[in-house]
Amino acid sequence: MTNPPPARRVVVLASGTGSILRAVIEAAREEAFGARVVGVVTDKDDAGALAIAREAGIPTAVVRLEDFESRALWDEAVARTLATFDPELVLLAGFMRLLGAPVLDRFGGRIVNTHPALLPAYPGAHGVRDALAGGAKVTGCSVILVDAGVDTGPIVAQAAVEVLDDDTESTLHARIKEVEQVLVARTIGRMAREGWTVTGRSVRFGAPTPTPEEES
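When you line the sequence shown up against the working numbering, it's residues 2 to 217, in that order.
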């Protein structure tokens, strides 16, 4: 009987309550999941994700933008902090800042983000509000690989959510979040177990993605 391959190392960047982080941590309790969260990095001292990580015994770090003289220095500090955890996947879970070249250059192709709309429709900070304003009957959430643009990276997975006639931004966003948590956890697990390749804008599962050690 062969042993399963070691779980892929995931570091989570978060700014908020940590609901997606919690979903991934809980999914990773299953040995077959294929990934484990080895670190949580935030840009806020009071991010709820910190408490969730500490409760689960996961190391944390806080890299606040206001502690640096420039955005470029902050970007470099984020890249260095992520590197200390030796991640094979970096997950943005409610992380409210764009990542600069130091992070993208070092971890490009294995940074995952989530967005509350069916991209490429309704990118940007107000995806739920824009879907309502646009009269969408169906919206949802997308899991993407991060590139230098805003919600422009290759799409890894999506899930649809019906827009109800009496929806407000708040009610619609709440339903999307429920679906999003499941989708992100499922997608991270599948990426960890199966690997992935990117051809143009198409992401396909099934081919092993080199670990940092294999790339060096």
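No residue lacks a Cβ here, since even glycine has one placed at the ideal position from N, Cα and C.
| query | Can you tell me the Cα-Cα spacing of L74 and D168, whole angstroms? | reply | One Cα belongs to L74, the other to D168, and the distance between them is close to 42 Å.
| Proximal residues to N114 (C-beta, below 6 Å), its chain only, five neighbours per side dropped | L93, I145 and V147
| said: For a quick check, are the C-beta atoms of V185 and I21 less than 8 Å apart? | reply: yes
| query | So, is S143 buried or exposed, given that buried needs 16 or more other C-beta atoms within 10 angstroms? | reply | buried
| field | Cutoff 6 Å; reference G207; Cβ partners in own chain excluding five residues on either side | value | E195
| query | My guess is that F86 and G125 are in contact by the Cβ rule of under 8 Å, so how many angstroms apart are they, rounded? | reply | In fact, because the Cβ distance is near 29 Å, the residues do not count as touching under 8 Å.
| When the Cα atoms are used, what is the spatial distance from I220 to K45? | The structure shown has nothing for residue 220, since the chain only spans 2 to 217.
| said: Which runs of the beta strand (DSSP E) at least 3 residues long sit entirely within the stretch 18-62? Give them in chain order. | reply: 36-43
| said: Please report the straight-line C-alpha distance between E89 and G35, rounded to a whole angstrom. | reply: 12 Å
| task | Mark D76 as exposed unless 16 or more other C-beta atoms lie within 10 angstroms of its C-beta, in which case mark it buried. | result | buried
| Minimum C-alpha distance to A24 - residue among A33, P7, Q159 and A50 | A50
| query | Under the criterion of a Cβ to heavy atom distance below 7 Å, does A175 qualify as lining the ligand GTP? | reply | As far as ligands go, the structure on display features none, and thus does not contain the ligand GTP.
| query | Cβ atoms of V11 and I177: under 8 Å apart, would you say? | reply | no
| said: Does G190 come out as helix, strand or coil in the three-state DSSP assignment? | reply: helix
| said: For E67 and D166, I'd like the C-alpha separation in whole angstroms. | reply: 42 Å
| Can you name the residues that DSSP bridges to A161? | BP columns for A161 point to G141.
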